[in-house]
Amino acid sequence: MNTSLLEYISTIIPKENLFVEEPMNQRTTFRTGGNAEILIEVETEEQLKQLIIFLNKIEEEYHIIGNGSNLLIGDRGIRGAILQIGSRMSKLEVYGTTIVAGAGVLLSQLAAFAAKNKLSGLEFASGIPGTLGGAVVMNAGAYGGEMCQVVTKVKVMTYEGEILELDHETMEFQYRNSVIRNKKFVVLEVEMSLELGDQKEILAKMSELSSARKEKQPLEFPSAGSTFKRPEGHFSGKLIMEAGLKGLQIGGAQVSEKHCGFVINRDHATSADILEVIRTVQDRVFENAGVKLEMEVICLGDF
Ligand SMILES: Cc1cc2nc3c(=O)[nH]c(=O)nc-3n(C[C@H](O)[C@H](O)[C@H](O)COP(=O)(O)OP(=O)(O)OC[C@H]3O[C@@H](n4cnc5c(N)ncnc54)[C@H](O)[C@@H]3O)c2cc1C
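Structure below.
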């Protein structure tokens, strides 16, 4: 990115929110990946609008990220700008049984806020390490819960910088997908409808699910959670285990010995190591069971 563009961006964005040649291994839960040419921590809708309009006008590539917990970034980095919707856009408000929250709020904070207000429906989300924006885009889910069960309205910014309000139907929620990814919208704010509950029971459920995660998932190693989508009628972890791939290691990346559905950064892995494990798993599972495993993790940048 040339210096005059950078100078222009720094007239829109405060210096402390602007990061040049930012190592993406510091911004993703896989802890791998090269540098982003420029990373901007977006603070307001107005900043975002000006940035999007400007970047579109000069035909500069940009990507939106949340907490980087479902991303595999190439070792050779990412060209263009990364716009991060994170803690600087994390308002939390409650109106009766409705919560309105900024896209940058972490799901753990959101679930704790719901529990504090005796609201039930977000217990499942408390252990998912993403932002609300990322969770809505991915229709994140766990233990029988999914974002689509609670989301009623989503405020987004379009590619042209316009604000739209999408209702539940317009969101076209599907398994680990929604309309947002195809349309290139940016999630700004989300309205969720919850139910009044017993605070003790809500907290007990969250704690039970947290223990289940600790017991079953390799949380002691960097990862992006389940690497593959659940194939219809199967479990990816089981298919991977049956293909004899438990513990398969290439470079520093490994099929977790604790949960085969997770590819982990076992020991200073590169993104290329992780991708090679993923491709090997896809090939071998297909040979063994005839099932095509589709990645849930999203690849960005140059590998
Ligand atoms: C240990 C671990 C456990 C996990 N467990 C689960 C689980 O149980 N269930 C589950 O579903 N997932 C799980 N995940 C995956 C991940 O946490 C979720 O997919 C999460 O919703 C991603 O949110 P994020 O903010 O990190 O998004 P990112 O990874 O930053 O981005 C993911 C996608 O969302 C887009 N995006 C992010 N924010 C916005 C925004 N504001 N507007 C528009 N687009 C946006 C990005 O462009 C990208 O396409 C787990 C991950 C880890 C590391």
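Residue numbers (my numbering): 1 to 303. No residue lacks a Cβ here, since even glycine has one placed at the ideal position from N, Cα and C. Quantities reported herein were computed from a predicted structural model and do not represent experimental measurements.
Task: Exposed unless 16 or more other CB atoms sit within 10 angstroms - verdict on S69 - done: With a threshold of 16 other beta carbon atoms within 10 Å, S69 meets it and is buried.
Task: Contacting residues, own chain, Cβ-Cβ under 6 Å from Q282 (five flanking each side not counted) - done: So the qualifying residues of the chain are L293.
Task: For G130, the three-state DSSP class (helix, strand or coil) - done: The answer is coil: DSSP assigns G130 none of H, G, I, E or B.
Open item on the list: I need the DSSP call for I13, collapsed to helix, strand or coil.
Closed with: DSSP, reduced to helix, strand and coil, places I13 outside both helices and strands of the structure shown, so it counts as coil.
Task: DSSP three-state assignment for G145, whether helix, strand or coil - done: Reduced to three states, the DSSP call for G145 is strand.
Task: I82, buried or exposed, once every other Cβ within 10 Å from all chains shown has been counted against 16 - done: Here I82 is buried: its Cβ has 16 or more other Cβ atoms, across all protein chains shown, within 10 Å.
Task: Contact check, G121 vs V94, beta carbons under 8 Å - done: Contact flag unset, no.
Open item on the list: Tell me the rounded alpha-carbon separation between A114 and G141.
Closed with: Distance between the alpha carbons of A114 and G141 is about 17 Å.
Task: Exposure of I53, with buried meaning 16 or more beta-carbon neighbours within 10 Å - done: Counting Cβ neighbours within 10 Å, I53 comes out exposed, since fewer than 16 surround it.
TODO: From the DSSP output, in three-state form, read off V281 for me.
DONE: Helix at V281.
Task: Contact between the region 153-162 and the region 180-196 (3+ Cβ pairs under 8 Å) - done: The region 153-162 and the region 180-196 touch, with no fewer than 3 CB-CB distances between them shorter than 8 Å.
Task: Of the listed residues A111, G144 and G104, nearest to T98 (C-alpha basis) - done: Ranked by Cα distance from T98, the options A111, G144 and G104 are led by A111.
Task: Other residues of its chain near V291: CB distance less than 7 Å, five sequence neighbours each side excluded - done: Contacts found: P231, H234, L239 and V285.
Open item on the list: Once the 5 residues before and after T170 are set aside, which same chain residues still bring their CB inside 7 Å of it?
Closed with: These residues qualify, in order along the chain: V179.
TODO: Determine the DSSP secondary structure at F19, reduced to helix, strand or coil.
DONE: Collapsing the DSSP output to three states places F19 in a strand.
Open item on the list: Let me check understanding here. Comparing Cα to Cα, which of L248, G134 and K246 lies closest to G86?
Closed with: It is G134.
TODO: Return the residue from the list Y175, E146, K184 and T28 that minimises the CA-CA distance to L164.
DONE: Out of Y175, E146, K184 and T28, K184 has the C-alpha closest to the C-alpha of L164.
TODO: Measure the C-alpha to C-alpha separation of D273 and G197 and round it to an integer number of angstroms.
DONE: Spanning the alpha carbons of D273 and G197 requires a straight line of approximately 45 Å.
- [ ] Give a yes or no on whether the C-beta atoms belonging to F30 and A224 are separated by under 8 Å.
- [x] Cβ distance < 8 Å, so F30 and A224 count as in contact.
- [ ] Would you mind listing the alpha helix (DSSP H) stretches within the region 191-269 that are 4+ residues and don't spill past its ends, in chain order?
- [x] Runs found: 199-216 and 236-242.
- [ ] Just list the beta strand (DSSP E) runs in the region 22-85, keeping only unbroken ones of 3 residues or longer that don't cross its boundaries, in chain order.
- [x] You should have 35-41, 62-65, 71-73 and 78-84.
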